[in-house]
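Working notes, structure below.
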Amino acid sequence: MKIIQANLGRGVIATSELLQWAVEHGTGILMIQEPYSREGEVTGFGKYTNQVITGNERDEAPMSCLVILDKRITAIKLTHVSTSHCVCPYLTTPTADYMAVSLYCQFSHEIGPYMTVLTKALSTNRTCPAIIASDVNAISPLWNFGTDETDDRGEMVEGTAASCGLV
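When we follow the numbering used here, the leftmost residue of the sequence shown carries the number 411, and every step to the right adds one.
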């Protein structure tokens, strides 16, 4: 199963280019932060899409989504932990079941509430492996190769990862 994580910056061209690349390379799942949307709906994936999952309310712009391209994969959204910035579905694939978390931590917001949502989402999952894809807008050598620095946001993400047993 091929998965791509990308922040599309709400761009229609970025959406189109990602979709083209994903289809050409047999990608099954796109875990997207800042997707292109209109009137609260993620758009731009057309006939290639099996399912688009968001957690936003009708009056909110989706800041994170999960797009399933592979017709063999099904998903059930966990509504109690999904928000406009975090979408959490259970995935059933031909080979295994997973929990997915696509999370966007907006730079202009405090990161603590996002880490609380992530922790809550992971605590609901006791049965299958989790796939986490996120734009945390934080600096740490754990994910920013070539830097030795960690900012305050990075320290909080590192602490959350450690407390959830991810590192």
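Cβ coordinates follow ideal geometry from the N, Cα and C atoms, glycine included. Model, not experiment: these values are computed from the prediction.
| query | result |
| --- | --- |
| So, using beta-carbon positions, are residue 453 and residue 446 closer together than 8 Å? | yes |
| Would you call the CB atoms of residue 479 and residue 442 closer than 8 Å? | no |
| For residue 424, collect the residues of the same chain with a Cβ closer than 6 Å to its Cβ; drop the 5 residues on either side in sequence, then sort them by chain order. | 418 |
| Among the candidates 498, 504, 507, whose CA atom is the shortest distance from the CA of residue 514? | 498 |
| Leaving out five residues before and five after residue 485 in sequence, what residues of the same chain have Cβ atoms less than 8 Å from its Cβ? | 461, 463, 476, 478, 499, 500, 501, 502, 510 |
| Using CA atoms only, rank isn't needed, just tell me which of 561, 470, 422 is closest to residue 517. | 561 |
| In terms of residues, what are the limits of the beta strand (DSSP E) holding residue 462? | 461-463 |
| Going by Cα to Cα distance, which pick from 482, 483, 450, 489 is closest to residue 471? | 450 |
| Who pairs with residue 487 in a beta bridge, going by DSSP? | 499 |
| Rounded to the nearest angstrom, what separates residue 553 and residue 458 at their Cα positions? | 31 Å |
| Decide if residue 505 is buried, meaning its Cβ has at least 16 other Cβ atoms within 10 Å, or exposed. | exposed |
| Where residue 429 and residue 507 are concerned, what is the direct C-alpha to C-alpha distance, given to the nearest angstrom? | 24 Å |
| In whole angstroms, what is the alpha-carbon distance linking residue 431 and residue 542? | 21 Å |
| At which residue ranges does the stretch 521-559 contain complete beta strand (DSSP E) runs of 3 or more residues, listed in the order of the chain? | 540-545 |
| Nearest-angstrom Cα distance between residue 467 and residue 494? | 7 Å |
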